[in-house]
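Protein sequence lines, in the order shown, are assigned to chains G and F. Residue numbering for the first sequence follows our numbering, starting at 1 and increasing by one per position. Residue numbering for the second sequence follows our numbering, starting at 1 and increasing by one per position. Even for Gly, the Cβ is constructed at its ideal location relative to N, Cα and C. Structure first, commentary second.
2 protein chains.
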Amino acid sequence: MPTILLVDDDRELAAMLGEYLSSEGFTVALAHDGKQGIEKASELSPDALVLDVMMPELDGFGVLQALRKFSQVPVLMLTAKGDDIDRIIGLEMGADDYLPKPCNPRELVARLKAILRRTQHQNSSATSFMAGDLEILPASRQAILNNQPISLTSSEYNLLEVLARQVGHVVDKETLSEQALGKPLTAYDRSIDMHMSKLRQKLGDDEQRIIQTVRGVGYQLTG
Amino acid sequence: MPTILLVDDDRELAAMLGEYLSSEGFTVALAHDGKQGIEKASELSPDALVLDVMMPELDGFGVLQALRKFSQVPVLMLTAKGDDIDRIIGLEMGADDYLPKPCNPRELVARLKAILRRTQHQNSSATSFMAGDLEILPASRQAILNNQPISLTSSEYNLLEVLARQVGHVVDKETLSEQALGKPLTAYDRSIDMHMSKLRQKLGDDEQRIIQTVRGVGYQLTG
DNA sequence: AAAGGATGCCGCTATTCTGCCACAGCTCTG
DNA sequence: CAGAGCTGTGGCAGAATAGCGGCATCCTTT
């Protein structure tokens, strides 16, 4: 669920776009002037910025310029309709895309997704994510607990990753079997339990119970 | 000097845009229908495509779809003016940008530069790149380990390059086979293992395991 | 408290996967 | 056309591991 920072001095429009982005599954933060936009960008490290060019005091270009000194976050600029110059300046300053205002929210979403697809591809999605004290590196199929890499078999890793992607949520055995082992759960199938047992051993999971059993349902990772 | 492939059935317009792009320092290739576009894209591996949506027979979407099966090359689509739907479809299909037709050549250039800045960033398609202690020189298809050039066969080099481009990431056998050997992985196919065995020999990879086996998945280069 | 169902986990083995030798085509060179 | 190098297949041994039998244990329900 990517976070988008929306920087626009028109509060009404910003609220509306924010609403729409939320409904599309984005997490949205708002800033109503350039200075605030820069602050929030540095605090929140959002996955992308939507930046209005026309703002009082510090305009979109100024924000972009300041932003680029500390962040490579992708930026989509909202420009006045038909103003090619704005677009060109923006793009050459390092914006990733623009959209003429007033804009179609659906198109904004499509473009944001396109930008995110590009940038997330190279960065995060491949890197790693945390689940409690556990770091999961999908790229190298490794798990790290307290700076200690854990040596896991393929199935063990798969199960752990599935659990970790839903930290704090119970994952039922059917799902675990299908997503991690690639086969439907059959009656009297103890393989999941078996792997959980081994995972717990390897994680030294004796007391804290990182992996919790949810009797009659499945397992969950404590978050 | 990036190479741009221009796919447009309007020869006059294509020639004109090509001219302009050339004058901006791009190397330009032209294709005048979809089929030819796909062929040239695969032959030339350009750094970016400019793709007209509206073409007889195979249209821009069709080209994009076929293209994405073997290439992640960035694509800028030229759409009919004001047709939001085209743009949205294009972006969701994996295009990187679009421009309404008729387009301002200056803007086309600005956008191409923006796209290339993003994508070349990740490849840094320069002369060589490092992967752990290994230096890969795609230009001369050579690998160098500890200042020692390693003599590799074509397949061996291909495999190593694919692994090296994803140092620290597991690359599954299907991908290795398709990207390095250019054929799908078949059942009981031992060729990948065979090449890995030879690569390990040549790299003197006995203990450190530069090339690591990830059982049931594929191989990875230690990063 | 007792019974029944679910889970934990030891030990074991069938299965699957990989390393690599040998060899048979193939392709490229000269 | 011969030789050299490359690629990929067959085969086998050895390693890794998935998952079952089985029993102890735990939880829930009645």
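Legend entry - For Val-171 of chain G and His-121 of chain G, the rounded distance between their alpha carbons: Caution applies to His-121 of chain G, whose pLDDT of 47 falls short of 50 and renders its modelled position unreliable; the value that the coordinates give is listed next. Computed Cα separation, rounded: 27 Å.
Inset, instruction - Tell me whether Thr-3 of chain F is buried or exposed, calling it buried when 16 or more other Cβ atoms sit within 10 Å of its Cβ. - result: exposed
Legend entry - Separation of Leu-203 of chain F from Lys-173 of chain F, as counted between CA atoms: 20 Å
Legend entry - Boundaries (first-last residue) of the alpha helix (DSSP H) holding Phe-26 of chain F: Careful: Phe-26 of chain F lies outside any alpha helix (DSSP H) and carries neither H nor E.
Legend entry - Leu-5 of chain G and Ala-31 of chain G closer than 8 Å at C-beta: yes
Legend entry - Partner residues on chain F for Arg-165 of chain G, Cβ-Cβ distance less than 9 Å: Ordered by position in chain F, no residue passes the 9 Å Cβ test against Arg-165 of chain G, which lies about 17 Å from the chain.
Inset, instruction - Give me the Cα-Cα distance between Leu-51 of chain F and Arg-68 of chain F, rounded to the nearest whole angstrom. - result: Distance between the alpha carbons of Leu-51 of chain F and Arg-68 of chain F is about 13 Å.
Inset, instruction - Establish whether the CB of Asp-47 of chain G and some CB of chain F are separated by less than 8 Å. - result: no
Legend entry - Selection of the region 104 to 116 of chain G by Cβ proximity to chain F, strictly under 8 Å: Asn-104, Arg-106, Glu-107, Ala-110, Arg-111, Lys-113 and Ala-114
Inset, instruction - Per DSSP, which residues does Ala-143 of chain G bridge with? Please list them. - result: G:Ile-136 and G:Ile-150
Inset, instruction - Consider the Cβ of Arg-215 of chain F: report whether some Cβ of chain G lies at a distance smaller than 8 Å. - result: yes
Legend entry - 8 Å Cβ shell around Glu-178 of chain F - same chain, five flanking residues per side excluded: Closer than 8 Å at the Cβ level, and outside the excluded window around Glu-178 of chain F, lie Pro-184 and Leu-185.
Legend entry - the region 189 to 208 of chain G / the region 12 to 31 of chain F touching (three or more Cβ pairs under 8 Å): By the criterion of at least three beta-carbon pairs nearer than 8 Å, the region 189 to 208 of chain G is not in contact with the region 12 to 31 of chain F.
Inset, instruction - Provide the residue(s) that pair with Thr-48 of chain G in DSSP beta bridges, ordered along the chain. - result: According to the sequence displayed, residue 48 of chain G carries Ala and not Thr. Beta-bridge pairing links Ala-48 of chain G to G:Ile-4.
Inset, instruction - Along the beta strand (DSSP E) that carries Asp-172 of chain F, what are the first and last residues, could you check? - result: Following the DSSP letters along the chain, one finds Asp-172 of chain F inside the beta strand (DSSP E) bounded by residues 170 to 172.
Legend entry - Positions along the region 139 to 170 of chain F whose CB lies within less than 8 Å of some CB in chain G: Gln-166, Gly-168, His-169 and Val-170
Legend entry - Top-ranked residue by Cα proximity to Ala-180 of chain G, from F:Gly-216, F:Leu-44, F:Glu-57 and F:Met-1: Sorting F:Gly-216, F:Leu-44, F:Glu-57 and F:Met-1 by C-alpha distance to the C-alpha of Ala-180 of chain G places F:Gly-216 at the top.
Inset, instruction - Within its chain, find whatever has a CB closer than 7 Å to the CB of Leu-112 of chain G; leave out the 5 residues flanking it on each side and keep chain order. - result: Ile-4, Ala-48 and Leu-76
Legend entry - Asp-96 of chain G at chain F interface by Cβ criterion, 8 Å: For Asp-96 of chain G, the answer is yes, since a Cβ of chain F falls inside 8 Å of its Cβ.
Inset, instruction - Along the beta strand (DSSP E) that carries Lys-202 of chain F, what are the first and last residues, could you check? - result: Note, Lys-202 of chain F: premise wrong, no beta strand (DSSP E); alpha helix (DSSP H) at 191 to 202.
Inset, instruction - Taking C-beta pairs closer than 9 Å, name the residues in chain G that Gln-220 of chain F reaches, listed in chain order. - result: Ala-139, Ser-140 and Arg-141
Inset, instruction - State buried or exposed for Tyr-188 of chain G, treating a residue as buried only when at least 16 other CB atoms are found within 10 Å of its CB. - result: Classification of Tyr-188 of chain G: exposed, given that the 10 Å Cβ count is below 16.
Legend entry - Distance, Ala-15 of chain F Cα to Ala-139 of chain G Cα: 44 Å
Inset, instruction - Classify Lys-183 of chain G as helix, strand or coil using the three-state DSSP reduction. - result: coil
Legend entry - Selection from F:Glu-12, F:Thr-153 and F:Ala-164 that minimises the alpha carbon distance to Leu-134 of chain F: F:Ala-164
Inset, instruction - Measure the Cβ-Cβ separation of Leu-13 of chain F and Asp-33 of chain F and say whether it is below 8 Å. - result: no
Legend entry - Leu-160 of chain G to Ser-151 of chain G span [Cα, whole Å]: 12 Å
Inset, instruction - Would you decide whether Glu-156 of chain F is buried or exposed? Buried here means 16 or more other CB atoms lie within 10 Å of its CB. - result: buried
Inset, instruction - Closer than 6 Å by C-beta to Gly-168 of chain F: which residues in its own chain qualify, once you throw out the five before and the five after it? Chain order, please. - result: The answer, listed in chain order, is Gly-223.
Inset, instruction - Taking Asp-96 of chain F as the reference, give the member of F:Arg-209, F:Thr-79, F:Ala-29 and F:Pro-56 with the closest Cα. - result: Closest by alpha carbon: F:Thr-79.
Inset, instruction - Give the range of the alpha helix (DSSP H) segment to which Gln-166 of chain F is assigned. - result: Looking at the DSSP string, Gln-166 of chain F is not in any alpha helix (DSSP H), and its letter there is neither H nor E.
Legend entry - Length of the line joining the Cα atoms of Lys-40 of chain G and Ile-136 of chain G: 28 Å
Legend entry - Supposed contact pair Leu-44 of chain F and Pro-105 of chain F - C-beta distance, whole angstroms, cut 8 Å: In fact, because the Cβ distance is near 22 Å, the residues do not count as touching under 8 Å.
Legend entry - Simplified DSSP state of Tyr-157 of chain G, which is helix, strand or coil: helix
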